[in-house]
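K.L.:
There are 2 protein chains.
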Amino acid sequence: MERFSSVSMAVVRRLPKYHRYLEELIKNDIRRVSSQELSKITGFTASQIRQDLNCFGGFGQQGYGYNVDELHDEIGKILGLNKLYNTVIIGAGNLGQAIANYSFFDKSGFKMTAIFDVNPKLVGMKINDIPVVDVDELEQFINEHNIEIIVICTPKSQAQKVADIATRTNIKAIWNFAPTDLKVREDIIVENVHLSESLFTISYLLKEKEEQYRKKK
Amino acid sequence: MERFSSVSMAVVRRLPKYHRYLEELIKNDIRRVSSQELSKITGFTASQIRQDLNCFGGFGQQGYGYNVDELHDEIGKILGLNKLYNTVIIGAGNLGQAIANYSFFDKSGFKMTAIFDVNPKLVGMKINDIPVVDVDELEQFINEHNIEIIVICTPKSQAQKVADIATRTNIKAIWNFAPTDLKVREDIIVENVHLSESLFTISYLLKEKEEQYRKKK
DNA sequence: CAATCTTTGTGATTTAATTAACATATATTC
DNA sequence: GAATATATGTTAATTAAATCACAAAGATTG
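Quick note, the sequences are listed as chains A and B, same order.
For the first sequence, the residue numbers in our numbering are 1 to 217.
For the second sequence, the residue numbers in our numbering are 218 to 434.
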């Protein structure tokens with residue numbers, strides 16, 4: 001991925017984790033946390049946590065640590081979670097429905113505005129109060145509703161077609177669950193969730209472990 | 218994650234990508250490929266590809282390149298895709314069903330043996346020919362059917378409970394889709410798919426890009 | 001079949017990421 | 001309120017990852 005900022009993706013991908021762990025702390029009424037305590041919870045080293053946070057400014061206080069609420073807020077802002085993103089899901093299969101039903105995304109500012117599908121039986125229905133719309137109307141809908149993010153939950157065979165349609169509009173990012181790499185304009189952010197790659201990694205580790213075990217014997 | 222082998226996770230996580238791209242080449246009847254050509258397709262540098270592959274031995278031939286079929290096979294073996302893993306899905310919600318319906322996993326050697334759920338209306342049904350079983354029978358089922366991998370698709374609130382049950386058995390790996398970090402025995406491989414982290418990364422990049430844009434003006 | 005071209009495998013180098021170390025600021029204690 | 005303990009922010013050191021560069025092997029060509 002082409003980057004502009006000086007903050008590395010390695011750091012960026014840890015931010016949501018910090019955010020989540022801080023949320024847990026808030027739930028448990030913990031108001032204050034040190035990098036060392038965070039280290040125990042998150043598994044990252046205290047040093048790394050401090051260095052990560054300092055990419056964005058000093059949120060802590062020497063001798064005290066970090067105020068949990070404040071840090072949670074700040075990281076939220078850094079992640080852009082204080083903003084609203086008009087979002088649509090494309091593909092009302094199980095995966096699309098799973099995402100539609102997971103209200104957490106909506107609460108986090110990703111406004112799920114519509115779900116698109118080819119199946120006329122689904123069109124007109126609502127899933128978690130989100131209308132299912134005919135995919136033929138996708139382009140128009142994106143333009144009219146100022147959609148910034150599209151979530152591709154179609155089969156592999158349809159993913160590029162959908163991406164092509166969306167690319168003609170002003171969308172800014174694609175969250176892609178189809179097991180393929182999309183070709184799109186340079187300026188569109190693409191985040192892939194390739195489930196099989198994740199599963200294959202398990203497979204590798206299992207095999208490796210078994211080999212290690214055999215060696216020991 | 219605790220590692221044993223000398224091959225870094227960075228390399229391991231690229232292997233499934235190579236595997237997938239090679240599959241594409243096979244579909245297009247391409248028999249031979251150089252690291253340079255692979256570089257164009259995958260976006261990794263040719264040098265990195267050669268170095269990655271050499272972690273596992275020399276699969277290429279100087280002056281020729283790599284035999285696509287052979288390399289695809291070899292990477293498949295490295296990933297352990299020539300083996301069969303008895304697998305169960307826990308949670309027959311949309312996400313669990315999505316995974317159950319995605320036959321690709323089954324074809325890749327992850328035998329989806331059962332789906333567990335608490336909902337008595339679902340128990341007894343079949344999803345993509347996989348029986349839905351009462352979650353109360355989980356432990357016994359795992360033991361009797363030699364299950365090695367469990368896929369957690371439950372809500373967050375149930376995930377640790379399920380993990381605790383599974384941890385009493387001989388399972389070897391957990392593929393976790395619940396938005397939480399599981400506490401399990403050291404020897405169990407846990408691969409998390411934290412969707413919100415992926416989405417939040419998009420959010421960060423969007424925000425960052427907008428800031429870049431404003432600066433230019 | 002000799003000459004040339006291609007492309008791997010690999011050691012050296014560079015760049016990036018992580019960890020360690022510590023000075024400084026603040027909190028806490030007695 | 002002085003003394004001590006704590007914990008950040010930050011620079012330096014270390015480790016890990018990616019890239020470069022090239023010799024050697026083998027393919028291709030005329």
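Backbone N, C-alpha and C fix where the C-beta goes; we use that ideal spot for every residue, glycine too.
Is residue 207 of chain A close to chain B? Criterion is C-beta to C-beta, closer than 8 angstroms.
P.N.:
yes
K.L.:
If we ignore side chains and look at the alpha-carbon of each, how far apart do residue 46 of chain A and residue 14 of chain A end up?
P.N.:
13 angstroms
K.L.:
Would you list, in chain order, the members of the segment 406-425 of chain B that have their beta-carbon closer than 8 angstroms to a beta-carbon of chain A?
P.N.:
Within the segment 406-425 of chain B, the qualifying residues are 406, 408, 410, 411, 412, 413, 414, 415, 416, 417, 418, 419, 420, 421, 422, 423, 424 and 425.
K.L.:
Is the Cβ of residue 115 of chain A closer than 8 angstroms to any Cβ of chain B?
P.N.:
Output row for residue 115 of chain A: interface = no.
K.L.:
Could you check where the alpha helix (DSSP H) with residue 293 of chain B kicks off and where it finishes?
P.N.:
285-295
K.L.:
At a CB-CB cut-off below 7 angstroms, which residues of chain A make contact with residue 314 of chain B?
P.N.:
Those within 7 angstroms of residue 314 of chain B in chain A are 94.
K.L.:
For residue 395 of chain B and chain A, any beta-carbon pair shorter than 8 angstroms?
P.N.:
no
K.L.:
Excluding sequence positions up to five away, which residues of its chain have a Cβ less than 6 angstroms from the Cβ of residue 163 of chain A?
P.N.:
Short of 6 angstroms from the beta carbon of residue 163 of chain A, and not among the five residues preceding or following it, lie these beta carbons of its own chain, in chain order: 182 and 184.
K.L.:
Measuring only the C-alpha atoms, how far is residue 147 of chain A from residue 86 of chain A?
P.N.:
5 angstroms
K.L.:
Considering only the beta carbon of each residue, do residue 273 of chain B and residue 283 of chain B sit closer than 8 angstroms?
P.N.:
no
K.L.:
Could you give the C-beta distance for residue 73 of chain A and residue 11 of chain A, rounded to a whole number, given that I count them as a contact under 8 angstroms?
P.N.:
Not quite, the Cβ-Cβ distance comes to about 19 angstroms (not below 8 angstroms), so this is no contact.
K.L.:
How would you call residue 77 of chain A, buried or exposed, if buried means at least 16 neighbouring beta carbons within 10 angstroms?
P.N.:
exposed
K.L.:
By Cβ distance, which residues of its chain are closer than 6 angstroms to residue 392 of chain B, with the 5 residues on each side in sequence left out?
P.N.:
368 and 408
K.L.:
Considering only residues of the same chain and omitting the five flanking positions on each side of residue 395 of chain B, which have a CB-CB separation below 8 angstroms?
P.N.:
369, 370, 371, 372, 373, 375 and 376
K.L.:
Can you tell me which residues form a DSSP beta bridge with residue 408 of chain B?
P.N.:
Partner(s): B/392.
K.L.:
Whose Cβ in chain A lies nearer than 8 angstroms to the Cβ of residue 230 of chain B?
P.N.:
197 and 201
K.L.:
When burial is assigned at 16 or more other CB atoms within 10 Å of the CB, is residue 385 of chain B buried or exposed?
P.N.:
It counts as exposed.
K.L.:
Which residues share a DSSP beta bridge with residue 185 of chain B?
P.N.:
Absent from the model: residue 185 of chain B. The displayed extent of chain B is 218 to 434, so no value can be given.
K.L.:
Kindly indicate if chain B contains any beta-carbon less than 8 angstroms away from that of residue 56 of chain A.
P.N.:
no
K.L.:
Could you check what DSSP says for residue 87 of chain A in three-state terms: helix, strand or coil?
P.N.:
strand
K.L.:
Under three-state DSSP, which class holds residue 56 of chain A?
P.N.:
coil
K.L.:
Please classify residue 17 of chain A: is it buried, with 16 or more other beta-carbons within 10 angstroms of its beta-carbon, or exposed?
P.N.:
Its Cβ being crowded by 16 or more others within 10 Å, residue 17 of chain A is buried.
K.L.:
Between residue 133 of chain A and residue 110 of chain A, is the Cβ-Cβ spacing less than 8 angstroms?
P.N.:
no
K.L.:
For residue 302 of chain B, which residues in chain A fall below 9 angstroms Cβ to Cβ?
P.N.:
202, 203 and 206
K.L.:
Is residue 91 of chain A close to chain B, meaning its C-beta is less than 8 angstroms from at least one C-beta of that chain?
P.N.:
So, not an interface residue.
K.L.:
Rank B/383, B/347 and B/366 by C-alpha distance to the C-alpha of residue 161 of chain B and give the top, closest one.
P.N.:
Since the first and last residues shown for chain B are 218 and 434, residue 161 of chain B lies out of range.
K.L.:
Using C-beta distances below 7 angstroms, list every residue in its chain close to residue 329 of chain B, excluding the 5 sequence neighbours before and after it, in chain order.
P.N.:
304, 306, 317, 322, 323 and 347
K.L.:
List, in chain order, every chain A residue whose beta-carbon is nearer than 9 angstroms to that of residue 363 of chain B.
P.N.:
Those within 9 angstroms of residue 363 of chain B in chain A number zero; the least Cβ separation is about 14 angstroms.
K.L.:
Report yes if the C-beta distance between residue 141 of chain A and residue 114 of chain A is below 8 angstroms; otherwise report no.
P.N.:
yes
K.L.:
Check this for me: beta carbons of residue 298 of chain B and residue 325 of chain B, under 8 angstroms apart or not?
P.N.:
yes
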